[in-house]
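**Student:**
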Amino acid sequence: MSAIVARNDCQPPDACAGASARRAFGPNHRWKVLGIGVAANAGFSATFSGIPATAVVMRQGYHLDNASLGLALGLLGLGVALSELPWGVLTDRWGDRRVLLTGLGATAAWLFIMAMLVVPTKMAVPGVALLSASLLVVGLLGGSVNGSSGRAIMGWFGEGERGFAMSIRQTAVPLGGGLGALILPSLALAVGFTAVFGLLAVVSALAAYFAWRWLHEPLVESGGLGAATASGPAPLRNIEVWRISTAIGLLCFPQVAVLTFASVFLHDFAGMGTFVTSASLAAVQTGAMGMRVWSGRFTDRHGNRRPFLKVCSALSALAFLVLWLLVIGAAGSPLLLPLLPLMVVVAGISVSAWHGVAYTELATLAGAGHVGTALSLANSFVFIGFCLVPIAIPWLLVVFAWPGVWLAAAICAALAWPIFLRQA
-3 MSAIVARNDC QPPDACAGAS ARRAFGPNHR WKVLGIGVAA NAGFSATFSG
47 IPATAVVMRQ GYHLDNASLG LALGLLGLGV ALSELPWGVL TDRWGDRRVL
97 LTGLGATAAW LFIMAMLVVP TKMAVPGVAL LSASLLVVGL LGGSVNGSSG
147 RAIMGWFGEG ERGFAMSIRQ TAVPLGGGLG ALILPSLALA VGFTAVFGLL
197 AVVSALAAYF AWRWLHEPLV ESGGLGAATA SGPAPLRNIE VWRISTAIGL
247 LCFPQVAVLT FASVFLHDFA GMGTFVTSAS LAAVQTGAMG MRVWSGRFTD
297 RHGNRRPFLK VCSALSALAF LVLWLLVIGA AGSPLLLPLL PLMVVVAGIS
347 VSAWHGVAYT ELATLAGAGH VGTALSLANS FVFIGFCLVP IAIPWLLVVF
397 AWPGVWLAAA ICAALAWPIF LRQA
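When we follow this note's numbering, the leftmost residue of the sequence shown carries the number -3, and every step to the right adds one.
(1) Short check: CB of S144 to CB of T87, under 8 Å?
(2) Quick check: what's the CA-CA separation for R373 versus V141?
(3) Is DSSP giving R19 helix, strand or coil here?
(4) Are L246 and A258 touching if we call contact CB-CB under 8 Å?
(5) Mind checking if A388 is an interface residue toward chain B, Cβ cutoff 8 Å exclusive?
(6) So, at 6 Å on beta carbons, what are the nonlocal neighbours of V401 in its own chain, with the 5 sequence-adjacent residues on each side left out?
(7) Please say whether A148 and S41 have beta carbons closer to each other than 8 Å?
(8) Mind checking L183: buried by the 16 CB within 10 Å criterion, or exposed?
(9) Closer than 8 Å is the cut-off here; do at least three beta carbon pairs connect the stretch 405 to 415 with the stretch 273 to 288?
(10) If I'm right that P357 touches R302 with Cβ under 8 Å, what's the distance once you round it to whole angstroms?
(11) Please list, in chain order, all residues of the same chain as L335 whose beta carbon is under 7 Å from its beta carbon, the five residues on each side excluded.
(12) Does A207 pass the burial test, meaning 16 or more other C-beta atoms within 10 Å, or should it be called exposed?
(13) Just curious, the alpha helix (DSSP H) that P181 is in, first and last residue?
(14) Under the three-state reduction of DSSP, which class applies to K118: helix, strand or coil?
(15) Quick one: Cα of L403 to Cα of V124, how far?
(16) Under 8 Å Cβ to Cβ from T98, same chain only, skipping five residues before and after it: list those, please.
(17) Take the Cβ of V341 as the centre, count every other Cβ of all protein chains shown within 10 Å, and call the residue buried at 16 or more, exposed below.
(18) M150 lies in the alpha helix (DSSP H); which residues open and close that run?
(19) Using the three-state DSSP reduction, which class does W402 fall into: helix, strand or coil?
(20) Is V254 helix, strand or coil by DSSP?
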């Protein structure tokens, strides 16, 4: 594991020039930085989780079939996957403030352009190529958020608080996704996608303002990772960093299946309406928020991040196996259909409870000087899932129907178990 040692020298960017300004911020400023991380991640989560939640309305409004819908949603994830690592490297070189402001501002501007030009109207309906390319750009710009906000939080919090702080940051993902799933489908149905993309643009702009107002480098004396440097291999040459990043990516595959196609599954297979599908996805995100906060505090107290991650992968595999069996049973017994939303919620929460713990372990393993790169490497694998899963699910449906989708999700969760590291 990478060692962490004290640092007293100023390092670029912004380090020496802003040293005196940074010393004006006391240690309690870390909670504002955490709030900025939550706001930034919630805003982008509302985009990459909320837009897929509108899948049924989008399919109808843009005149798409399931394959075209999967392509459009998949390219949103591909954009993030392609840009995460470059943004992370830039974060380690430029600093989290510059990267976060650039990314959030550009994302807000692009979503505003989409609200004006890439929405179906009575006169014309944008083609799948234009919609897909636009969502690809959203992903490319939004990839700036994850690594930069994570580096800022790890810099301001000490070892005994990092798991809790990162888990709170990760609650922003289900928080934003839950609000997106609850609000955006109904908004798209009632007003249209101009309102959807416009609202998301405003959210990103507000997060950029808060980052501009309060996001600064930590004090050298604060005791966080910002006060440290690392010895040992860089993350791209560290096999343990690659293992954790790969396992994170695999365990996100079933989560992406829930976020992108659970609404279609509940509508098409279980016959549920917009209220039930939206409420189910919102329940997944709300439950995931609570579990992430608890898991961060629990592992901080017990020092058991690695065993916890292995348990989460095993429980997630079990939950999707139960969902697979329930879908098979419901095909022959319609009385089981009302249980499907409940099981989607249980499986979705179980596969969403571990993120803050995993990212804390990964950042600690990588060392202070490489936090942005390491977190972005993991998120590259995560958003490869956001790209591949929506594209693969329609083909799985053709060959294996819905039982095949949830069985594949269980297999991915099970594969993550041996890849996560054992307790040192």
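Beta carbons are placed, not taken as given, at the ideal position from N, Cα and C, and that holds for glycine.
**Tutor:** Per the coordinate set shown:
(1) yes
(2) In the sequence on display, residue 373 carries Leu and not Arg. Distance between the alpha carbons of L373 and V141 is about 13 Å.
(3) Residue confidence for R19 is low, a pLDDT of 47 falling below 50, so the modelled location carries little weight; the figure read from the coordinates is stated next. Correct three-state label for R19: coil.
(4) no
(5) Absent from the structure is chain B; it holds one protein chain and no more.
(6) I389 and L392
(7) no
(8) buried
(9) no
(10) The sequence shown places Glu at residue 357, rather than the Pro named in the question. So it is a contact: roughly 7 Å between Cβ atoms.
(11) L322
(12) By the 10 Å Cβ count, A207 comes out buried.
(13) E155 to A186
(14) coil
(15) Taking the straight line from one Cα to the other gives about 29 Å.
(16) S140
(17) buried
(18) S140 to W152
(19) DSSP places W402 in helix when its eight states are reduced to three.
(20) helix
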